[in-house]
Amino acid sequence: MNLLDIKSNEEKLMILKRGILHRLNLLDKDKKRTSNPLPESLDDQAVAIENDEVINRLDTQDRIELKSINDALKRIEARVFGICISCGYEISKRRLKAMPYAANCIGCENGDD
Ligand SMILES: [Zn+2]
27 MNLLDIKSNE
37 EKLMILKRGI
47 LHRLNLLDKD
57 KKRTSNPLPE
67 SLDDQAVAIE
77 NDEVINRLDT
87 QDRIELKSIN
97 DALKRIEARV
107 FGICISCGYE
117 ISKRRLKAMP
127 YAANCIGCEN
137 GDD
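The numbers in the working numbering rise by one with no breaks, and the one at position 78 of the sequence shown is 104.
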């Protein structure tokens, strides 16, 4: 992978990271709002609990993605970006284009050897 490719992946990762941080911030505000005491009616309680579950799920997904992005940025710094962490071969450009924070090549991701 040449320097230009790495640069463009780094930019993509930074944009993704900004988006996630923004979303996590909004989710955080949402959480604070929904941590109020549960509403009186059982129906409203069910809705409130369901909302909490959705927010928590999104939050968890975002945090996992954020970690993957930070790891990818570290790999750029360490000059090992684009190299599969499992087998050491290059990750295909097509895969990185779809998922710039991919840490594994498609073979390792699918569990093939
Ligand atoms: Zn691999």
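Where is the CB? At the ideal position from N, CA and C, for every residue including glycine.
Within 6 Å of ligand 1: residues by beta-carbon to any heavy atom: CYS110, SER112, CYS113, TYR115, ASN130, CYS131, GLY133 and CYS134
If you measure from the beta carbon of ASP70 to each beta carbon in chain C, is any gap under 8 Å? Although the question refers to chain C, the structure presented lacks it and comprises just one protein chain.
When the Cα atoms are used, what is the spatial distance from ALA125 to ASP70? The sequence shown places Met at residue 125, rather than the Ala named in the question. Whole-angstrom Cα-Cα distance: 39 Å.
Excluding the 5 residues preceding and the 5 following ILE95 in the sequence, name in chain order all residues of the same chain whose CB lies nearer than 6 Å to its CB. LEU39, LEU42, LYS43 and TYR127
Assign GLU36 to one of three DSSP states: helix, strand, or coil. helix
Between which residues of its own chain and ASP56 is the CB-CB distance below 7 Å, once the five residues before and five after are set aside? ILE81
At 4 residues or longer, and completely inside the segment 87 to 125: list those alpha helix (DSSP H) runs for me, N to C. 119 to 124
Between LEU122 and ASN35, how many whole angstroms is the CB-CB distance? I'm expecting something under 8 Å. 6 Å
Does the beta-carbon distance from PHE107 to ILE32 come in below 8 Å? yes
Identify whether LEU64 lies in helix, strand or coil by the three-state DSSP scheme. If DSSP states are grouped into helix, strand and coil, LEU64 belongs with coil.
7 Å Cβ shell around ILE111 - same chain, five flanking residues per side excluded: Once the five neighbours on either side are set aside, the close Cβ partners of ILE111 are ALA129 and ASN130.
Please go through the same chain and pick out, in chain order, the residues whose beta-carbon is closer than 6 Å to the beta-carbon of CYS113, but skip the five residues on each side of it. CYS134
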